[in-house]
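Visitor:
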Amino acid sequence: DAVVIFGFLLWHVIGANSSDDGYILGMARVADHAGYMSNYFRWFGSPEDPFGWYYNLLALMTHVSDASLWMRLPDLAAGLVCWLLLSREVLPRLGPAVEASKPAYWAAAMVLLTAWMPFNNGLRPEGIIALGSLVTYVLIERSMRYSRLTPAALAVVTAAFTLGVQPTGLIAVAALVAGGRPMLRILVRRHRLVGTLPLVSPMLAAGTVILTVVFADQTLSTVLQATRVRAKIGPSQAWYTENLRYYYLILPTVDGSLSRRFGFLITALCLFTAVFIMLRRKRIPSV
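Structural data, given as structure tokens:
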């Protein structure tokens with residue numbers, strides 16, 4: 139804990155910011171004058187909605203100060219909370235072998251710091267998306283563990299707000315999909331006791347509460363127009379071109395730098411190692 143917390147705090151002071159900090163800070167500063175969160179430098183000042191609530195938070199923070207150390211606090215807080223969730227909720231649930239293994243905790247700490255430091259020390263929202271995805275996972279796992287729907291409803295809220303940060307927040311929805319079958323079994327059991335409406339209504343409310351934030355200062359027409367402007371001007375890629383993200387990682391350009399490759403490569407290494415062990419032994423011991 140001490141190493142991770144000290145590492146995050148030290149990097150918050152001496153570490154490099156993201157290349158988009160000036161871009162995002164300009165948007166936050168202009169928001170009050172524009173009357174809405176506009177993309178000040180691109181897309182003709184079109185609204186950031188439906189992915190603007192995080193930038194609105196930054197706009198509120200500029201009322202106190204626009205100093206770098208202050209404005210970057212959300213990413214610092216996200217990193218610290220991510221580590222607390224990993225060490226207190228995620229790793230212990232992987233089984234007694236992992237929970238009792240100091241190397242496992244040290245490995246998790248080093249991977250988190252190494253992946254986080256190059257890109258999440260600025261104003262970009264990826265740190266918030268990582269936190270939202272992790273919280274969604276923890277809540278879904280807790281719902282499955284205790285057969286309760288309250289954590290599941292909170293997970294739906296978290297996933298919706300994570301998706302509302304940026305389109306890549308869709309990864310949080312993947313955690314909901316992964317826990318879909320256990321959640322359905324819980325719903326079926328509870329349905330026999332209380333009926334359909336008391337179960338479905340809270341879930342629908344949890345998933346749609348984000349709309350009150352999206353349309354707080356915009357109409358449906360302006361949101362659709364902003365979407366059309368982005369698609370027309372770009373950069374905009376179809377969903378079936380997702381493979382290009384991985385292709386760019388192997389090019390001898392800045393997109394293929396080691397710092398950008400590390401997160402993907404370490405994830406792939408862990409995934410293939412786990413699959414290989416499961417093919418040989420059918421399961422990972424103590425997990």
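Under the working numbering, think of the first position of the sequence shown as 139, with each following residue one higher.
Glycine included, C-beta positions come from ideal geometry on N, C-alpha and C.
Keep in mind the model is a prediction, meaning the values are calculated, not measured.
Give the single residue among 179, 411, 205 and 383 whose Cα lies nearest to the Cα of residue 260.
Guide: Counting from one through the sequence shown, the residue named residue 260 turns up at place 122. Taking only the C-alpha atoms, the option nearest residue 260 is 205.
Visitor: Taking the alpha carbon of residue 182 as the point to measure from, which residue in 379, 406 and 366 has its own alpha carbon closest?
Guide: The residue labelled residue 182 in the question sits at position 44 within the sequence shown. Of 379, 406 and 366, the residue nearest in Cα terms is 366.
Visitor: Excluding the five sequence neighbours on either side, which residues of its own chain have a C-beta within less than 6 Å of the C-beta of residue 163, listed in chain order?
Guide: Translated into the one-based positions of the sequence shown, residue 163 becomes position 25. Excluding positions up to five away in sequence, the list is empty.
Visitor: Identify the continuous alpha helix (DSSP H) that holds residue 323 and give its terminal residues.
Guide: The residue labelled residue 323 in the question sits at position 185 within the sequence shown. Looking at the DSSP string, the run of the alpha helix (DSSP H) that includes residue 323 is 318-332.
Visitor: Can you tell me whether residue 408 is buried or exposed, with buried defined as 16 or more other CB within 10 angstroms of its CB?
Guide: For this step, residue 408 is matched to residue 270 along the sequence shown. By the neighbour-count rule (16 or more Cβ atoms within 10 Å), residue 408 is not buried but exposed.
Visitor: Please check the pair residue 274 and residue 300, which I expect to be a contact at CB under 8 Å, by giving their CB distance rounded to whole angstroms.
Guide: For the purposes of this step, residue 274 is identified with residue 136 of the sequence shown, where counting begins at 1. For the purposes of this step, residue 300 is identified with residue 162 of the sequence shown, where counting begins at 1. Sure, about 7 Å apart at Cβ, within 8 Å.
Visitor: Please state if the CB of residue 217 and the CB of residue 258 are separated by a distance shorter than 8 Å.
Guide: Your numbering for residue 258 matches position 120 in the sequence shown. Your numbering for residue 217 matches position 79 in the sequence shown. It is a contact, given that the beta carbons lie within the stated cut-off.
Visitor: Pull up the distance between the alpha-carbon of residue 298 and that of residue 417, whole angstroms please.
Guide: In the sequence shown, residue 298 corresponds to position 160, counting from 1. In the sequence shown, residue 417 corresponds to position 279, counting from 1. For residue 298 and residue 417, the distance between alpha carbons rounds to 35 Å.
Visitor: Check residue 271 in the structure and name its three-state DSSP category.
Guide: Working through the sequence shown from its first residue, we reach residue 271 at position 133. Helix.
Visitor: Quick one: residues in its chain with C-beta nearer than 6 Å to the C-beta of residue 331, no 5 flanking neighbours on either side, listed in chain order?
Guide: On the sequence shown, residue 331 is found 193 positions in, with the first residue counted as 1. Cβ within range, chain order: n/a, list empty.
Visitor: Determine the contact status of residue 212 and residue 198, defining contact as a CB-CB distance below 8 Å.
Guide: Position 74 of the sequence shown, counted from the start, is the residue given in the question as residue 212. Position 60 of the sequence shown, counted from the start, is the residue given in the question as residue 198. Going by C-beta atoms, residue 212 is not nearer than 8 Å to residue 198.
Visitor: Taking the Cβ atom as the reference point for each residue, do residue 310 and residue 265 lie within a distance shorter than 8 Å?
Guide: Counting from 1 along the sequence shown, the entry for residue 310 is found at position 172. Counting from 1 along the sequence shown, the entry for residue 265 is found at position 127. No, they are not a contact pair.
Visitor: Identify the continuous alpha helix (DSSP H) that holds residue 159 and give its terminal residues.
Guide: As a first step, residue 159 is located in the sequence shown; it is residue number 21 there, counting from the start. Run containing residue 159: 159-172, per the alpha helix (DSSP H) assignment.
Visitor: Just the C-alpha distance for residue 349 and residue 165, rounded to the nearest angstrom, thanks.
Guide: On the sequence shown, position 211 is the one that residue 349 refers to. On the sequence shown, position 27 is the one that residue 165 refers to. Each residue's alpha carbon lies about 22 Å from the other.
Visitor: With distances taken Cα to Cα, identify the nearest neighbour of residue 387 among 377, 401, 295 and 320.
Guide: On the sequence shown, residue 387 is found 249 positions in, with the first residue counted as 1. Of the listed residues, the one whose Cα sits closest to residue 387 is 401.
Visitor: Is the beta carbon of residue 303 sitting closer than 8 Å to the one on residue 347?
Guide: Taking the first residue of the sequence shown as position 1, residue 303 is located at position 165. Taking the first residue of the sequence shown as position 1, residue 347 is located at position 209. Cβ distance not < 8 Å, so residue 303 and residue 347 don't count as in contact.
Visitor: How about residue 246 and residue 224: are their beta carbons less than 8 Å apart?
Guide: Looking up residue 246 in the sequence shown gives position 108. Looking up residue 224 in the sequence shown gives position 86. Yes; because the gap between Cβ atoms is below 8 Å, this pair is in contact.
Visitor: Residue 185 by DSSP, collapsed to three states: which one?
Guide: Locating residue 185 in the sequence shown gives position 47, where the first residue counts as 1. Strand.
Visitor: Name the residue from 184, 192 and 410 whose alpha carbon lies nearest to the alpha carbon of residue 359.
Guide: As a working mapping, residue 359 is identified with position 221 in the sequence shown. Residue 359 has its Cα closest to that of 184, out of 184, 192 and 410.
Visitor: Between the beta-carbon of residue 356 and the beta-carbon of residue 187, is there less than 8 Å?
Guide: Along the sequence shown, read from residue 1 onward, the residue named residue 356 stands at position 218. Along the sequence shown, read from residue 1 onward, the residue named residue 187 stands at position 49. Yes, these two residues count as a Cβ contact at 8 Å.
Visitor: Give a yes or no on whether the C-beta atoms belonging to residue 336 and residue 282 are separated by under 8 Å.
Guide: Here residue 336 refers to the residue found at position 198 of the sequence shown. Here residue 282 refers to the residue found at position 144 of the sequence shown. No; because the gap between Cβ atoms is not below 8 Å, this pair is not in contact.
Visitor: According to DSSP, simplified to helix, strand and coil, what is residue 176?
Guide: Along the sequence shown, one-based indexing puts residue 176 at 38. Of the three classes helix, strand and coil, the one that applies to residue 176 here is strand, per DSSP.
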